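A.B. asks:
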Amino acid sequence: MYEIIFIAHNTHQEKYFKTLSENLPFSSKVIRAKFSLCNAPKIDLSKKFEELNNKYSGRRLKLYKKYLQIESRLIYCEYKKIIKKYNPKLIGIWNGIKYPQFIINEFNTKKIYFENGFLPNTTQADCKGVNALNSVPRDKKFYQNLEYYKKPLPKELIPRTPVKKLEGNELDLNRKYVFIPLQVNYDSQIIYFSPWIKSMQQFFEVINSIADKFDFDFIFKAHPSDRVTNYENLIKKAKKNVHFATNPTSELIKNAKAVITINSSVGIESLLFNKKVITLGEAFYNIEGIVKHADNIQELTNILNSLDSWKIDEKLIKNFLGYLYYEYLIPSSWKNPDIKHFEKLKDRISQCLR
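All the letters of the sequence shown, read from the start, carry residue numbers 4 to 357 under the numbering used here.
As C-alpha cells, then:
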C-alpha cells in the first residue's frame, strides 16, 4: 500500500510527479495512465463536449465525441484498477477539472490537485480543487486582521510566449482605458465557471455594445495560448474606442484605469498593481472589497459608471495577496521545484492525508 499515487497523463506531469516522489517523505508511486477494460458506467462528458464545440465542427467533431465516449470508460477502468491494486490514501492528479482527469472524481479516495500558480513562480496544490474550486477563504473578515500587508509581493510578471501571432497592434498607452485580457474559448475556466459569458466573441459583443457610453477606451488582448480563435472579424466591428493590443500584458495592466476579466489569473496579477478589478465569472477572488463582480451587462455598466468613486482598500488587498503568496500557494513553479517547494508541499500533503 502506498500513501500517495500520482497519476500522470503527459510527460511533463510524469516528470514533475517523479521529482515529488523522489523528494517527499511519503511512500509514493507515479503511474502514467493508460487504458483498461471493466464494466464502466457512462461518463458525463457534457462539459468536454462544450469545449469541443468551440474548437471543431462537422464530421470531425462527431467522430471525436464518439471516440471520447469510448476512451472515457477505458480511463475510468484504469483509475479503478490503480485504486484497487495500490489502495492509496491519497491520489495526486493535475487539475481535476479538465478531461480526462475529472473522471478521478468518480472515486472516493482523497485527492490533491495540482495546477499552475496564479502568482509569479508559484504552484497550486489543494485537497479540495483548483481555481474556482479551491479552498481559499472567501470571507472578507478573514483577511482584515492579517499582517501580510507589510510583506513584499512580486512585482514582475512572467511573460508568456504566444503560440501564434496575436491580432491587434502595439498601442500608445498614454490614454484612459480599461484593459480586458481575453481567455481561451475552450478552457475549463470558461466552460465550467462562466455562467453568462460563454465565449470570447460574446465577451467582445458585450463590451462593444456599451463602449460608446464611456469617455475612455477598452483595450482587449488575445490570450497567448489560444490556438483556435481568430479575432480579425471582431476587430473590423469594433467601435472607435475599442481596440486590440499586442503590448506586453504587464504594461497593459500598469497603465490601465481598471481591468475586466471573466476569471483569469490576470485579475490576481492586476491586484498586485493596485488596479480596480471587475470579474464577470466565478472566481475564487470574488471577495467583497477586493474586486467588484457583475452578473449581467447592466451591473457591468453600473460599475464602469462608478469607476472614479471606487476607492481601493489597499491593506485588505495586500493581506489577501500576502495570504496567497506566503500561505496558500506552493513556492516555485512546478517546472523548477526546489527545497522550499518540497517543504511546503510536504505540509500540504500531510493536511490532505488527515
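Positions of the beta carbon are idealized from the N, C-alpha and C atoms, including for glycine. Quantities reported herein were computed from a predicted structural model and do not represent experimental measurements.
Confirm, please, whether the CB-CB distance from I34 to Y79 is below 8 Å.
C.D. replies: Mapped onto the sequence shown, residue 79 falls at position 76. Mapped onto the sequence shown, residue 34 falls at position 31. Result no, Cβ atoms of Y79 and I34 do not sit closer than 8 Å.
A.B. asks: Any idea which residues DSSP pairs H296 with across the strands?
C.D. replies: Counting from 1 along the sequence shown, the entry for residue 296 is found at position 293. Answer is T282, bridged to H296.
A.B. asks: Would you mind sorting P91 into buried or exposed? The rule is 16 or more other CB atoms within 10 Å of its CB.
C.D. replies: Taking the sequence shown and counting its residues from 1, one reaches residue 91 at position 88. Buried, by the Cβ-count rule.
A.B. asks: How about L2 and Q204: are their beta carbons less than 8 Å apart?
C.D. replies: The structure shown has nothing for residue 2, since the chain only spans 4 to 357.
A.B. asks: Rounded to whole angstroms, what's the CA-CA distance from Y152 to K318? Just pull it up for me.
C.D. replies: What you label residue 152 is simply residue 149 of the sequence shown in a count that begins at 1. What you label residue 318 is simply residue 315 of the sequence shown in a count that begins at 1. Between Y152 and K318, the C-alpha separation is close to 6 Å.
A.B. asks: Shortest alpha-carbon distance to L44 belongs to which of Q147, K51 and E74?
C.D. replies: Here residue 44 corresponds to residue number 41 of the sequence shown, with the count starting at 1. Reading off the sequence, residue 44 comes out as Pro, not Leu. Ranking the options by Cα distance to P44, first place goes to E74.
A.B. asks: Beta-carbon within less than 8 Å of F38's beta-carbon, same chain only, minus the 5 sequence neighbours each way: which residues are those?
C.D. replies: Taking the first residue of the sequence shown as position 1, residue 38 is located at position 35. Around F38: E74, L77, I78, C80 and E81.
A.B. asks: Output the boundary residues of the beta strand (DSSP E) element that contains Q127.
C.D. replies: As a position in the sequence shown, residue 127 is number 124, starting the count at 1. Residues T125 to D129.
A.B. asks: Is it buried or exposed, G61, if we count other Cβ atoms within 10 angstroms and call 16 or more buried?
C.D. replies: Start at 1 with the first residue of the sequence shown, and residue 61 comes out as number 58. G61 should be labelled exposed.
A.B. asks: Can the beta-carbon of L361 be found closer than 8 Å to that of E272?
C.D. replies: There is simply no residue 361 to check, as the chain begins at 4 and stops at 357 in what is shown.
A.B. asks: What separation, rounded to the nearest whole angstrom, lies between the Cα atoms of K167 and D142?
C.D. replies: Taking the sequence shown and counting its residues from 1, the one referred to as residue 167 is at position 164. Taking the sequence shown and counting its residues from 1, the one referred to as residue 142 is at position 139. C-alpha separation (whole angstroms): 40 Å.
A.B. asks: Check for me: the alpha helix (DSSP H) holding D341 runs from which residue to which?
C.D. replies: The count along the sequence shown starts at 1 and reaches residue 341 at position 338. Unbroken run through D341: none, as it is neither H nor E.
A.B. asks: Indicate the three-state DSSP secondary structure (helix, strand or coil) for L356 in the structure shown.
C.D. replies: Residue numbering aside, residue 356 sits at position 353 when the sequence shown is read from its first letter. Helix, per DSSP.
A.B. asks: Fully enclosed by the region 124-193, which alpha helix (DSSP H) runs are 4 residues long or longer?
C.D. replies: Within the region 124-193, the complete alpha helix (DSSP H) runs of at least 4 residues are 143-147.
A.B. asks: Quick one: grab the DSSP three-state call for T252.
C.D. replies: Taking the first residue of the sequence shown as 1, we reach residue 252 at position 249. Reduced to three states, the DSSP call for T252 is helix.
A.B. asks: For a quick check, are the C-beta atoms of L356 and L93 less than 8 Å apart?
C.D. replies: Here residue 356 refers to the residue found at position 353 of the sequence shown. Here residue 93 refers to the residue found at position 90 of the sequence shown. Contact flag set, yes.
A.B. asks: When you compare only the Cα positions, how much space is there between E288 and I281?
C.D. replies: In the sequence shown, counting from the first residue as 1, residue 288 sits at position 285. In the sequence shown, counting from the first residue as 1, residue 281 sits at position 278. In the sequence on display, residue 288 carries Tyr and not Glu. Between Y288 and I281, the C-alpha separation is close to 11 Å.
A.B. asks: Just to check my reading of the structure: I352 and L27 have Cβ atoms closer than 8 Å, yes? What is that Cβ distance to the nearest angstrom?
C.D. replies: Here residue 352 is taken as the residue at index 349 of the sequence shown, counted from 1. Here residue 27 is taken as the residue at index 24 of the sequence shown, counted from 1. I352 to L27, Cβ: 7 Å. Contact.
A.B. asks: Can you tell me which of the three DSSP states E291 falls into?
C.D. replies: To locate residue 291, count along the sequence shown from 1; it is residue 288. Note: E291 maps to strand in three-state DSSP.
A.B. asks: Would you report the Cα separation of E291 and K87, rounded to the nearest angstrom?
C.D. replies: Along the sequence shown, read from residue 1 onward, the residue named residue 291 stands at position 288. Along the sequence shown, read from residue 1 onward, the residue named residue 87 stands at position 84. Approximately 44 Å, taken between the alpha carbons.
A.B. asks: L237 by DSSP, collapsed to three states: which one?
C.D. replies: Taking the sequence shown and counting its residues from 1, the one referred to as residue 237 is at position 234. Here L237 sits in helix by DSSP.
A.B. asks: For T264, write down the residues that DSSP places opposite it in a beta bridge.
C.D. replies: By one-based count along the sequence shown, residue 264 stands at place 261. BP columns for T264 point to T282.
A.B. asks: Using the three-state DSSP reduction, which class does A214 fall into: helix, strand or coil?
C.D. replies: Residue mapping note: residue 214 aligns to position 211 of the sequence shown, counting from 1. A214 falls in the helix class under three-state DSSP.
A.B. asks: Give me the Cα-Cα distance between L303 and N57, rounded to the nearest whole angstrom.
C.D. replies: By 1-based counting over the sequence shown, the position of residue 303 is 300. By 1-based counting over the sequence shown, the position of residue 57 is 54. Near 25 Å, if we compare the C-alpha coordinates of N57 and L303.
A.B. asks: Does DSSP classify D220 as helix, strand or coil?
C.D. replies: Along the sequence shown, one-based indexing puts residue 220 at 217. Looking at D220 - three-state DSSP - the assignment turns out to be strand.
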